[in-house]
Amino acid sequence: QTRGKGVNLILDMVGGPYFNDNLEILQLQGRLAVIGSLGSPVAKEADLRLLMRKRLTVGGSTIRAQSDEFKRRIATDLQNNVWPLFESNRIQVVLYSADFKLDSLNAAQELMEASSHIGKICAIIDPKLLDN
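Be aware that the sequence shown starts at 83, since it is given in the working numbering, and climbs by one per residue.
Listed below in structure tokens is the structure:
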């Protein structure tokens with residue numbers, strides 16, 4: 083929860099369909115980093131006045147074409163600077179549901195396709211089923 087302030091940074095892997103909503107929820111001088119376009123590479127009907135009024139920064143990047151050394155530096159920076167934030171609960175992964183069992187994966191898939199959730203959808207798989 084942001085207590086009405088909005089968020090400072092969004093790492094967006096979905097792209098086009100989320101673009102306008104992302105601009106809405108960013109705080110003043112917030113940053114949007116587009117790192118994928120799983121939903122669509124095209125953002126439609128973006129109101130650029132919102133971008134200017136909130137003084138937002140929008141950028142994009144991919145690491146696929148980067149060198150192995152560059153990727154190693156990113157991994158090291160994540161380990162040193164981001165993982166401790168998860169460990170201390172300063173940031174948290176949002177889970178939509180953790181009660182989809184193996185026999186209800188169709189419902190989990192339908193939820194994902196409907197895009198009516200916020201956060202990660204988790205499936206619970208009995209470890210005994212994996213011991214083959």
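Cβ atoms here follow ideal geometry from the backbone N, Cα and C, with glycine treated the same way.
Remember, predicted model here, so these are calculated numbers, not experimental data.
Annotation for GLN111: the continuous beta strand (DSSP E) segment containing it runs 108-116.
Going by beta carbons, ILE107 and VAL124 fall outside the 9 Å limit. In this structure ALA115 is not in contact with SER149, their Cβ atoms being roughly 20 Å apart against a cut-off of 8 Å.
Residue pairing by DSSP places VAL140 opposite LEU114 in a beta bridge. Taken through DSSP and simplified to helix, strand or coil, LEU177 comes out as strand. Counting of Cβ neighbours within 10 angstroms places GLY201 among the exposed residues, the total staying below 16. Between the segment 124-135 and the segment 84-104 there are three or more inter-stretch CB-CB distances shorter than 8 Å, so the stretches are counted as touching. The same chain holds no residue with a CB closer than 8 Å to that of TRP165 once the five nearest residues on each side in sequence are set aside. GLY97 and LYS153 have their C-alpha atoms spaced approximately 22 Å apart. Counting along the chain, ILE156 sits inside the alpha helix (DSSP H) bounded by residues 150-159. Between GLY141 and ARG113, the C-beta gap is smaller than 9 Å, which places the two residues in contact.
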